[in-house]
Ligand SMILES: [Zn+2]
Ligand SMILES: [Zn+2]
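Residue numbers (the UniProt record's numbering): 1 to 148.
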């Protein structure tokens with residue numbers, strides 16, 4: 001396979017994936033909107049430890065984006081790079097758009113669709129979930145999981 005590599009806008013932070021990413025999807029939650037300044041973010045998962053920072057580790061910032069997770073970004077240019085949530089310590093979720101070749105990994109679903117901005121209506125036929133996906137693998141969102 002061709003290596004999956006990526007980085008931030010200014011080039012300070014560069015990363016490489018050591019295994020195939022999975023569970024690519026859109027998140028429309030309010031935290032993603034504010035974190036990106038955009039209507040939604042597209043994430044995919046990779047095994048924790050398999051996103052290797054090859055350059056610029058000292059430029060990574062950290063924000064506690066919710067009571068159960070944090071996000072990492074480039075402190076030089078602000079690009080949101082990846083996030084971790086406490087309930088899935090075995091994976092991290094990275095911003096697909098930060099890949100050098102983002103077209104290689106297409107989202108397969110929408111989560112937190114209930115929080116979407118109405119003028120940002122997707123033109124695809126992908127499954128749309130109001131919050132998390134029913135199976136626990138979809139916890140890329142940043143709001144507390146439903147207790148029910
Ligand atoms: Zn940067
Ligand atoms: Zn989100």
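No residue lacks a Cβ here, since even glycine has one placed at the ideal position from N, Cα and C.
Cβ-heavy atom distance, residue i to ligand 1, below 7 Å
i	result
residue 12	yes
residue 55	no
residue 98	no
residue 88	no
residue 79	yes
residue 51	no
residue 126	no
residue 9	yes
Nearest candidate by alpha-carbon position, reference residue i, set the options
i	options	result
residue 34	69, 128 and 65	65
residue 94	87, 23 and 77	23
residue 118	32, 87, 100 and 39	39
residue 75	47, 4 and 11	11
residue 13	36, 28, 58 and 128	58
residue 5	77, 129, 46 and 121	46
residue 84	96, 100, 62 and 101	62
residue 125	134, 133, 114 and 107	107
residue 88	69, 128, 96 and 100	69
residue 30	121, 122, 129 and 114	114
Per-residue DSSP class, three states only, for residue i
i	result
residue 141	Note that residue 141 has pLDDT 47, beneath the 50 cutoff, so the model's placement of it is unreliable and the number below is only indicative. Coil, per DSSP.
residue 8	coil
residue 128	strand
Contact check, residue i vs residue j, beta carbons under 8 Å
i	j	result
residue 98	residue 79	yes
residue 50	residue 9	no
residue 131	residue 112	yes
residue 54	residue 15	yes
residue 133	residue 28	no
Contiguous alpha helix (DSSP H) assignments of at least 4 residues, all confined to the UniProt domain "CENP-V/GFA" (4-114)
Segments of the alpha helix (DSSP H) lying fully in the UniProt domain "CENP-V/GFA" (4-114): 30-36.
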